[in-house]
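See below for the structure under consideration.
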Amino acid sequence: MSTSIWCRSVLWSISRGLQAEELILQLLGWGMGFHISSLFMIDALIVFSFGTKTYCYDAKEKKANPLQGVIGAFTVAAKN
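In my numbering, the protein residues as written are 287 to 366.
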């Protein structure tokens, strides 16, 4: 049940964001609309970069090569 609420909230926020962007484009023009969208993307990148450690790969830990997992997935897919 909580997954469906999460999905609905993501879809709602995307649709509202697209509506807001369309309004900005109509009222202020393409130049300002592009700049405002770019600023929001840069802001999202900064927030993502300073996020929790779950977003980062810790190179100090002795784990298997992440590329091996990707290659293994393609190998299994090719065998099917």
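Think of the CB as a built atom: it goes at the ideal place given N, C-alpha and C, for glycine as much as any other residue.
Owing to the predicted nature of the structure, the values given are computational and were not obtained by experimental measurement.
{"Asked": "Could you round the C-beta distance between residue 319 and residue 311 to whole angstroms and report it? I think they count as a contact, below 8 Å.", "Found": "4 Å"}
{"Asked": "Hey, could you find the ends of the alpha helix (DSSP H) residue 326 is sitting in?", "Found": "316–335"}
{"Asked": "Do you know offhand how far residue 294's Cα is from residue 324's?", "Found": "25 Å"}
{"Asked": "Where residue 326 and residue 290 are concerned, what is the direct C-alpha to C-alpha distance, given to the nearest angstrom?", "Found": "27 Å"}
{"Asked": "Would you tell me roughly how many angstroms separate the C-alpha atoms of residue 307 and residue 321, rounded to the nearest one?", "Found": "11 Å"}
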